[in-house]
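Undergrad:
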Amino acid sequence: MFDIENNDSYWYLSDAFQPFSRWTIENFIKGQTDIFSEKQYRFVAEDRLHNKIGIIDLYNFAPLHRRVFIGIFIDELYRNKNYGSQSISIAVNYCFNILQLHQVCALIPASNVASIKLFEKSNFQLQSSRKDWYLINGIFVDELFYNKFNEYEID
Numbered sequence: 196m197f198d199i200e201n202n203d204s205y206w207y208l209s210d211a212f213q214p215f216s217r218w219t220i221e222n223f224i225k226g227q228t229d230i231f232s233e234k235q236y237r238f239v240a241e242d243r244l245h246n247k248i249g250i251i252d253l254y255n256f257a258p259l260h261r262r263v264f265i266g267i268f269i270d271e272l273y274r275n276k277n278y279g280s281q282s283i284s285i286a287v288n289y290c291f292n293i294l295q296l297h298q299v300c301a302l303i304p305a306s307n308v309a310s311i312k313l314f315e316k317s318n319f320q321l322q323s324s325r326k327d328w329y330l331i332n333g334i335f336v337d338e339l340f341y342n343k344f345n346e347y348e349i350d
């Protein structure tokens, strides 16, 4: 997690503007209790050999409105091997079946074609966009809002 959070080429994804110390990240991990108190939760994705291959974030959890936002980062060595799809599937299953949410949402820079394909493959639907939302390498890029509804929801 330390290497991912401190790689400045990904900072635009989280609005970070400076590196995190090991102490800060270790305290974040230790302080993570549950999604209901923190309104966010971070999962570490592993392969079958328990290599840490990525991170899945659930954030902006709104239990009243039964929704959460999801973000995913898969290490470059493990991309295009179906780990992203599997990780999203597991996280969405958790959101719908354990948390009983109505929808899971994703905010994606329009320039991140791989992420768009990943979420569309996972049956997320494009709902809207915000113009010039991210400044990436000196260029403004739109933000795309995707979501997936719980099709098995019991009212």
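End of the sequence shown sits at 350 in this note's numbering; the numbers just go up one at a time, nothing left out.
Just so you know, even glycine gets a beta-carbon here, dropped at the ideal spot from N, CA and C.
Note that the coordinates shown come from a computational prediction; the quantities given were computed from them, not determined experimentally.
Quick one: grab the DSSP three-state call for S282.
TA: If DSSP states are grouped into helix, strand and coil, S282 belongs with the helices.
Undergrad: Classify Q298: buried if its beta carbon has 16 or more other beta carbons within 10 angstroms, exposed otherwise.
TA: When all chains shown are included, Q298 counts as buried.
Undergrad: What three-state label does DSSP hand E315 in the structure shown?
TA: It is helical.
Undergrad: Just mark G249 as buried or exposed, buried being the case when its beta carbon has 16 or more other beta carbons within 10 Å.
TA: So G249 ends up on the buried side.
Undergrad: Assuming L321 contacts A286 under a Cβ cut-off of 8 angstroms, what Cβ separation, rounded to an integer in Å, is found between them?
TA: At roughly 19 angstroms, the Cβ-Cβ gap does not stay under 8 angstroms, so L321 and A286 are not in contact.
Undergrad: Where does I293 sit, in a helix, a strand or coil, going by DSSP?
TA: Helix, per DSSP.
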